[in-house]
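Under our numbering, the sequence shown is numbered contiguously, ending at residue 158.
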Amino acid sequence: MLEPESLTTRFRALVVEDSRVSMRAVANLIALHPGVKVVGMALDGNDGLQLARTLVPDVVFADLEMPGKTGLELVEILRREIPTTKLVVISVHDGAVWEKLSLTHGADAFVSKADLAEELPALMQQLFPEADHFGASEEPPPQPSATA
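#1: Where does Ala119 sit, in a helix, a strand or coil, going by DSSP?
#2: Assuming the contact rule is C-beta atoms closer than 8 Å, Asp54 and Gly81 should be a hit. Round their C-beta distance to whole Å, please.
#3: Helix, strand or coil: how does DSSP classify Met134 here?
#4: Please report how far the alpha carbon of Thr1 lies from the alpha carbon of Glu129, in whole angstroms.
#5: Could you say which of Ala124, Val25, Pro131 lies nearest to Val102 if we only look at CA atoms?
#6: Using only CA atoms, which one of Val121, Val69, Leu111 lies nearest to Leu97?
#7: Sort out for me which residues DSSP pairs Ile92 with in a bridge.
#8: Is Lys110 buried or exposed, if buried means 16 or more other CB atoms sit within 10 Å of its CB?
#9: Going by beta carbon distance, what residues of the same chain come within less than 8 Å of Ile92, once the five residues before and after it are set aside?
#10: Which of the three DSSP states is assigned to Met76 in this structure?
#11: So, under 8 Å CB-CB, Val36 and Leu126 are touching, yes? Tell me the CB distance rounded to an integer number of Å.
#12: Assign Ser32 to one of three DSSP states: helix, strand, or coil.
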């Protein structure tokens, strides 16, 4: 029998961000969209890799610069190991150079943290065109993992 959560959750997201404040902000933005559930959060690239391998999320939002593995290193590994997972690099840096670098390493998208709130609905629609729409939801994100 399906659990109620599985009836409303269509896409599972993992947030990998070394700043707890930024991680919470990104997770809260993602959680506002119906059908998207933040299933995990990690504070560095190494923990993010382990969580991605365990959770096999539909989409990973990874900070560009983190301790352990950087967002670019994480994207390269996940692209090989879990090719169906959508990979989004997020950063305080903005510009075509960072976007090109992220895409070259295997990311599906690059978004500046400053633009994430505004661009997230269109980004999710681009990543998951089969979804009806991405509007507001009321499901809170999880707490960071104990290992993070």
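Glycine is no exception: its CB is placed at the ideal position from the N, C-alpha and C atoms.
Based on what the coordinates show:
#1: strand
#2: That pair is no contact at about 10 Å.
#3: The answer is helix: DSSP assigns Met134 an H, G or I state.
#4: No answer is possible for residue 1: the residues shown for the chain start at 11 and end at 158.
#5: Distances from the CA of Val102 to each of Ala124, Val25, Pro131 were compared; the closest alpha carbon is that of Ala124.
#6: Val69
#7: In DSSP, Ile92 forms no bridge with anything.
#8: exposed
#9: Ala62, Arg63, Val66
#10: coil
#11: 7 Å between Cβ atoms; contact.
#12: DSSP, read as helix, strand or coil, puts Ser32 in helix.
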